[in-house]
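Read through the structure below, which is laid out as structure tokens, and then see the notes.
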Ligand SMILES: *[C@@H]1O[C@H](CO)[C@@H](O)[C@H](O)[C@H]1NC(C)=O
Ligand SMILES: *[C@@H]1O[C@H](CO)[C@@H](O)[C@H](O)[C@H]1NC(C)=O
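Residue numbers (mature numbering (1 follows the signal peptide of the UniProt record, and there is no 0)): -28 to -1, 1 to 367.
So, in structure tokens, the structure goes:
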């Protein structure tokens, strides 16, 4: 009797194994295929690379408390916890986020971050890498992934902040034509670097627009603008941002290019959240000063050993954790926008749509200036305590 039972259960187990062991395509997370995520850029997407580029062993603020406070572990990321690529990785069923590419012996099977704090597009950043150097690093490691896998995987790029902060510091009186000339040199180089990634086999690109750089707490503090933003920096970001959609359209419109992309309007997403210093609509109580740091906007020196920085009591009520980077809660909200917001926030498609878009096909819709949301919204729920609150602004 016992023997028969065992035989039945062994047969059952075999049957289950045959059914589930030989899938034609492996799907994960609501129909999203198992592909990799690669991130390039600066401190926003640095997953802990910077420490591996130091000439001498020393502690970096981002590897020290209170960075990582919400996860009880500072790991070289500029946040109290996880960052946007970690959340996007979560949505793609990538366990534990993507590792820093420069760290020895990490599991690269689901992608990596090549982004490094202080990275710029132009120049020769100290103990960091330009975007071009990051792309070349990727090239040197390319045999770790198949061509087919690279083509299906997602490439996120966020860079330019260092270039414009540096330009404004060294050319405080630059007029519009000098600004325009600098932006053109930055975006031309960016175009080259994206072209290089594409020539290496990448075909799915996610490029967020730059934040309103003059509204970052560190800019308001350094340029002493109080509750206003420092407009020359916003102007540079706007000039830069205007070029991104058309540049990517150009790649994607070439016949049989298979070049696919989407552009996230990070500029306006940030602006909406910081507009009144508070942003109750978006559930941040403080949006004009940082949680961690010193100075008028608490924007400098978070994590630095020689700075007596202040730390807010409850980081989840803040939009900015340090002078320029968001709290984990804000990063999670931003990642949700990337993955599923309306076309006025991310277009021509969401990151999720980009992942499932058939490879080698050209896009059917391209990026358009001032795209309005075409999805119908539900009438906002109204309760008396919500009177006067415009919920349509949620995005
Ligand atoms: C900052 O600007 C200076 C002067 O233009 C340049 O030499 C330097 O390489 C720039 N640094 C970065 C990180 O781009
Ligand atoms: C931030 O915004 C709040 C609320 O609008 C305001 O009271 C405060 O003065 C602002 N802080 C700074 C540093 O501008």
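Every residue gets a Cβ at the ideal spot worked out from N, C-alpha and C, and that includes glycine. Because the structure is a prediction, the values reported are computed rather than measured.
Residues near ligand 1, criterion Cβ-heavy atom distance below 7 Å | 90, 92, 94, 95, 96, 97, 134, 135, 138, 139 and 142
Compare the Cα-Cα distances from residue 23 to each of 98, 7 and 55 and report the closest residue.
-> With respect to the C-alpha of residue 23, the residue from 98, 7 and 55 having the closest C-alpha is 98.
Could you tell me which residues DSSP pairs with residue 180 in its beta bridges?
-> 236
Beta strand (DSSP E) containing residue 9: first to last residue?
-> For residue 9, the enclosing beta strand (DSSP E) has its first and last residue at 9 to 13.
Considering residue 107, what are the terminal residues of the alpha helix (DSSP H) in which it resides?
-> 103 to 112
What is the DSSP secondary structure of residue 375, counted as helix, strand or coil?
-> Nothing can be reported for residue 375, as the shown portion of the chain is limited to -28 through 367.
For residue 41 and residue 18, believed in contact at Cβ under 8 Å, the rounded distance | So it is not a contact: roughly 17 Å between Cβ atoms.
Are there three or more Cβ pairs, one per stretch, closer than 8 Å when the region 317 to 327 is compared with the region 283 to 295?
-> no
With a CB to CB cut of under 7 Å and the five nearest residues on each side skipped, what residues in its chain are close to residue 180?
-> 130, 236 and 238, listed in sequence order.
Report yes or no: do three or more beta-carbon pairs, one from the region 156 to 171 and one from the region 96 to 111, lie closer than 8 Å?
-> Because the criterion of three Cβ pairs below 8 Å is met, the region 156 to 171 and the region 96 to 111 touch.
Under 6 Å from any heavy atom of ligand 2, does the C-beta of residue 228 make it?
-> No, since every heavy atom of ligand 2 falls outside the 6 Å radius drawn around the Cβ of residue 228.
Give a yes or no on whether the C-beta atoms belonging to residue 11 and residue 87 are separated by under 7 Å.
-> yes
Step through the CB atoms of chain C and report whether any lies within less than 7 Å of the CB of residue 264.
-> Within the model displayed, chain C is absent; a lone protein chain is all it includes.
Given a cut-off of 7 Å, decide if residue 189 and residue 295 are closer than it, judged by their beta-carbon atoms.
-> yes
Mapping DSSP to helix, strand and coil, what is residue 271?
-> coil
Return yes when the C-beta of residue 296 is under 6 Å from any heavy atom of ligand 2, and no when it is not.
-> no
In chain order, each alpha helix (DSSP H) run of at least 4 residues that lies wholly inside the region 303 to 337 = 323 to 328
Between which two residues does the beta strand (DSSP E) harbouring residue 83 extend?
-> 83 to 85
Three-state class that DSSP yields for residue 126 in the structure shown = strand
Could you check the C-alpha separation between residue 248 and residue 339 for me, to the nearest Å?
-> 30 Å
Pick helix, strand or coil for residue 68, following the three-state DSSP scheme.
-> coil
What whole-angstrom Cβ distance do residue 266 and residue 253 have, given they're in contact under 8 Å?
-> Between residue 253 and residue 266 the Cβ distance is about 29 Å, and since that is not below 8 Å, they are no contact.
Return the residue from the list 83, 52 and 276 that minimises the CA-CA distance to residue 30.
-> 276
Exposed or buried, residue 102, counting other C-beta atoms within 10 Å across all chains shown (16 or more means buried)?
-> buried
In chain order, what residues of the same chain have a beta carbon less than 7 Å from the beta carbon of residue 151, not counting five sequence neighbours either side?
-> 207, 208 and 211
When 59, 135 and 117 are compared against residue 96, the one with the closest alpha-carbon | 135
Please report the residue range of the beta strand (DSSP E) in which residue 258 lies.
-> For residue 258, the enclosing beta strand (DSSP E) begins and ends at 258 to 262.
Quickly, what does DSSP pair residue 298 with across the bridge? List them, please.
-> 292
Using a threshold of 7 Å, state whether the C-beta atoms of residue 91 and residue 70 are closer than that.
-> In this structure, residue 70 does not lie closer than 7 Å to residue 91 by Cβ.
Sort 286, 234, 242 and 269 by Cα distance to residue 257 and report the nearest one.
-> 286
Would the beta-carbon of residue 269 be found less than 6 Å away from any heavy atom of ligand 2?
-> yes
Considering only residues of the same chain and omitting the five flanking positions on each side of residue 216, which have a CB-CB separation below 7 Å?
-> So the list reads 179, 181 and 235, once near-sequence residues are dropped.
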